[in-house]
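Peer 1: My structure is below; once you've seen it, I'll send some questions.
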Amino acid sequence: MAETKRVVVIGGGVAGAHVVRSLQFGADVTLIDPKAYFEIPWAMLRCMVEPSFAERSLFSHNDYFPNGRLVTSSAVSATDTEIVTASGERIPYNYLVIATGSTFDGPSSKQGRIKQFEADYDKISNARTVLIIGGGPTGVELAGEITVDFPYKKVILIHKGSRLIDFLGPKASQKTLDWLVSKKVEVHLNECIDLESLSDSSTTYTTQSGMNLSADCHFVCVGRHVASSWLQESVFKESVNKQGHLKVDESLRLRGKTNVFAVGDITDIKEIKQGFLAEKQAKVVASNIQTLLNSSGQKLKTYKAASPMGIVSLGRNAGVAQLPFGTVIGCLPGRIKSRDLFVGKTRKGLGINS
Numbered sequence: 266m267a268e269t270k271r272v273v274v275i276g277g278g279v280a281g282a283h284v285v286r287s288l289q290f291g292a293d294v295t296l297i298d299p300k301a302y303f304e305i306p307w308a309m310l311r312c313m314v315e316p317s318f319a320e321r322s323l324f325s326h327n328d329y330f331p332n333g334r335l336v337t338s339s340a341v342s343a344t345d346t347e348i349v350t351a352s353g354e355r356i357p358y359n360y361l362v363i364a365t366g367s368t369f370d371g372p373s374s375k376q377g378r379i380k381q382f383e384a385d386y387d388k389i390s391n392a393r394t395v396l397i398i399g400g401g402p403t404g405v406e407l408a409g410e411i412t413v414d415f416p417y418k419k420v421i422l423i424h425k426g427s428r429l430i431d432f433l434g435p436k437a438s439q440k441t442l443d444w445l446v447s448k449k450v451e452v453h454l455n456e457c458i459d460l461e462s463l464s465d466s467s468t469t470y471t472t473q474s475g476m477n478l479s480a481d482c483h484f485v486c487v488g489r490h491v492a493s494s495w496l497q498e499s500v501f502k503e504s505v506n507k508q509g510h511l512k513v514d515e516s517l518r519l520r521g522k523t524n525v526f527a528v529g530d531i532t533d534i535k536e537i538k539q540g541f542l543a544e545k546q547a548k549v550v551a552s553n554i555q556t557l558l559n560s561s562g563q564k565l566k567t568y569k570a571a572s573p574m575g576i577v578s579l580g581r582n583a584g585v586a587q588l589p590f591g592t593v594i595g596c597l598p599g600r601i602k603s604r605d606l607f608v609g610k611t612r613k614g615l616g617i618n619s
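Put into structure tokens, the structure is as follows:
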């Protein structure tokens with residue numbers, strides 16, 4: 266009888282989850298993740314204004330991955346044959362998928378994460394003025410959630426760039442700015458605050474240009490770092506570029522490796538880092554590993570970078586979308602994304618139909 270091949274997937278985000286779900290019945294699959302649960306990342310901001318929303322946007326890895334092994338820890342080192350975890354375990358592999366995405370320092374349990382959302386909700390509820398630092402998709406969506414659910418609160422948004430959500434085109438940026446201003450959000454572009462100067466008790470803030478702001482609480486919504494620092498001293502260190510991303514070929518294998526893949530935000534693919542693209546990459550990787558497991562000799566599938574496209578929600582019923590045919594704002598993109606934030610679609614895609 267042929268030996269069952271071991272597949273190890275590091276990271277239980279969107280990409281990693283879809284890989285293990287696809288491969289769990291055809292190999293000995295291990296998922297390494299510091300969390301015991303899966304979180305739908307684009308639903309996070311709704312949970313801050315409606316903590317009960319997390320009951321559907323957070324769920325156990327075992328709900329979609331019943332036929333494999335879950336190791337609740339972080340990877341700290343790697344060789345050509347095994348992964349070493351923070352808990353000291355050494356896990357051998359025949360095929361490896363690195364899907365660690367961006368850094369995450371939240372709780373390891375679902376209940377702990379819900380308590381975090383409840384604390385955020387209390388902070389927003391008890392504030393008269395909320396300061397949001399960062400005008401990327403996270404900061405803009407949080408501003409939208411707060412101004413729609415708490416229209417009587419003052420929201421201040423500062424962004425170091427010259428336009429909001431600058432991963433999309435100028436039209437999307439301007440339409441978003443106009444919408445926020447119409448909701449009485451105070452927006453300051455080309456401004457930043459020294460994050461090292463902040464504390465939980467901060468109520469006065471000074472920008473780099475010397476502008477003084479007052480708020481009862483703040484939320485930092487600047488981009489997170491790529492979770493690749495643990496690879497810098499590993500056998501894969503030559504595969505990490507200067508930005509911390511892993512260099513992959515067209516089949517999403519690490520360049521020069523035949524049995525190691527990378528998928529999701531950690532890759533150096535020149536495209537916007539978005540969940541639905543991470544899912545597409547995961548399908549390519551899962552298919553390629555299945556081909557290698559079967560020793561079928563079939564050609565591996567390839568992945569082509571997507572053109573810039575995206576939807577940013579603006580509260581519960583509106584959004585801004587950059588689509589192939591143009592940029593639109595209002596209820597149409599809101600109907601596509603903002604009402605359910607793709608929670609039902611994501612659960613169904615992972616085989617969770619309840």
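With the sequence shown counted from 1, adding 265 to any position gets you this note's numbering. Glycine is no exception: its CB is placed at the ideal position from the N, C-alpha and C atoms.
1. Bridge partners of Ser325, per DSSP?
2. Please classify Met476 as buried or exposed, where buried requires at least 16 neighbouring CB atoms within 10 angstroms.
3. Which residue marks the beginning of the beta strand (DSSP E) containing Glu410, and which one marks its end?
4. For Tyr568 and Tyr470, what's the separation of their Cα atoms in angstroms?
5. Please determine, among Asp514, Arg520, Val491, the residue with the shortest C-alpha to C-alpha distance to Gln508.
6. Helix, strand or coil for Arg518, going by three-state DSSP, please let me know.
7. Of the choices Gln439, Val336, Glu461, Ser474, whose alpha-carbon is the least far from that of Gly584?
8. What distance in whole Å lies between the Cβ atoms of Phe324 and Gly407, which are believed to be in contact at a cut-off of 8 Å?
9. Which whole-angstrom value is the C-beta distance of Val279 and Gly540, which I expect to be below 8 Å?
10. Report the rounded CA-to-CA distance for Cys596 versus Phe318, giving the unit in angstroms.
11. Please identify the residue among Gly276, Ser447, Ile411, Ile421 whose C-alpha is closest to the C-alpha of Asp387.
12. Would you say the beta carbon of Val452 comes nearer than 7 Å to a heavy atom of the ligand ATP?
13. Please state whether the Cβ-Cβ distance between Leu496 and Tyr360 is less than 8 Å.
14. Would you tell me roughly how many angstroms separate the C-alpha atoms of Asp481 and Val487, rounded to the nearest one?
15. Could you say which of Glu498, Val550, Ser322 lies nearest to Ile348 if we only look at CA atoms?
16. In three-state DSSP terms, what is Ile617?
17. Check the C-beta distance from Thr346 over to Pro331 and give it rounded, since I have them as a contact under 8 Å.
18. Compute the Euclidean distance between the alpha carbons of His453 and Gly434, then round it to the nearest angstrom.
19. By the 10 Å Cβ neighbour count, where 16 or more other Cβ atoms means buried, how is Met266 classified, buried or exposed?
20. Taking the alpha carbon of Glu544 as the point to measure from, which residue in Val272, Lys270, Pro598, Val284 has its own alpha carbon closest?
21. Classify Lys449: buried if its beta carbon has 16 or more other beta carbons within 10 angstroms, exposed otherwise.
22. Which value, in whole angstroms, describes the spacing of the CA atoms of Leu288 and Ile430?
23. Does Asn214 come out as helix, strand or coil in the three-state DSSP assignment?
24. Buried or exposed: where does Leu296 fall if 16 or more other Cβ atoms within 10 Å of its Cβ makes it buried?
25. Starting from Tyr470, follow the beta strand (DSSP E) in both directions and report where the run begins and ends.
26. Can you tell me where the beta strand (DSSP E) holding Arg271 begins and where it ends?
27. So the alpha helix (DSSP H) Ile379 belongs to, where does it begin and stop?
28. Looking only at DSSP bridge pairs, what is Pro357 linked to?
29. Counting pairs of Cβ atoms below 8 Å between the stretch 361–381 and the stretch 510–528, do you hit three or more?
30. Given this structure, state the Cα-to-Cα distance separating Ser342 from Lys380, to the nearest angstrom.
31. What residue range does the beta strand (DSSP E) around His483 cover?
32. Would you report the Cα separation of Ile594 and Arg604, rounded to the nearest angstrom?
33. Where does the unbroken alpha helix (DSSP H) through Ala628 begin, and where does it stop?
34. According to the neighbour-count rule (16 or more other Cβ atoms, all chains shown, within 10 Å of its Cβ), is Glu304 buried or exposed?
35. From what residue to what residue does the alpha helix (DSSP H) around Gly584 run?
Peer 2: Well, looking at it:
1. The partner list for Ser325 (beta bridge, DSSP) reads Tyr302.
2. exposed
3. Unbroken run through Glu410 is the alpha helix (DSSP H), 402–414; no beta strand (DSSP E).
4. 45 Å
5. Residue Val491 is the option with its Cα nearest to Gln508.
6. Strand at Arg518.
7. Relative to Gly584, the option among Gln439, Val336, Glu461, Ser474 whose CA is nearest is Gln439.
8. The residue asked about is misnamed: residue 407 is Leu in this sequence, not Gly. Actually they do not touch by this definition, with Cβ atoms about 23 Å apart.
9. 5 Å
10. 21 Å
11. Ile411
12. You won't find the ligand ATP in this model; it holds no ligand whatsoever.
13. no
14. Spanning the two alpha carbons is a distance of roughly 19 Å.
15. Glu498
16. coil
17. That belief does not hold up - the Cβ atoms of Thr346 and Pro331 are roughly 27 Å apart, past 8 Å.
18. 19 Å
19. For Met266, the pLDDT reaches just 46, beneath the cut-off of 50, and the residue's location in the model is therefore unreliable, leaving the point undetermined.
20. Val284
21. exposed
22. The alpha-carbon atoms of Leu288 and Ile430 are separated by roughly 36 Å.
23. Examination of residue 214 is not possible in this model, given that the chain is present from 266 through 619 alone.
24. Its Cβ being crowded by 16 or more others within 10 Å, Leu296 is buried.
25. Run containing Tyr470: 469–471, per the beta strand (DSSP E) assignment.
26. For Arg271, the enclosing beta strand (DSSP E) starts and ends at 271–275.
27. Element bounds for Ile379: 375–390.
28. Glu347
29. As far as the Cβ criterion goes, the stretch 361–381 touches the stretch 510–528, which means the pair count is three or higher.
30. For Ser342 and Lys380, the distance between alpha carbons rounds to 31 Å.
31. It spans 482–485 - the beta strand (DSSP E) in which His483 sits, taken as one unbroken run.
32. 15 Å
33. This structure gives no information on residue 628, because the portion of the chain shown stretches from 266 to 619.
34. buried
35. Run containing Gly584: none in the alpha helix (DSSP H); it sits in the beta strand (DSSP E), 583–588.
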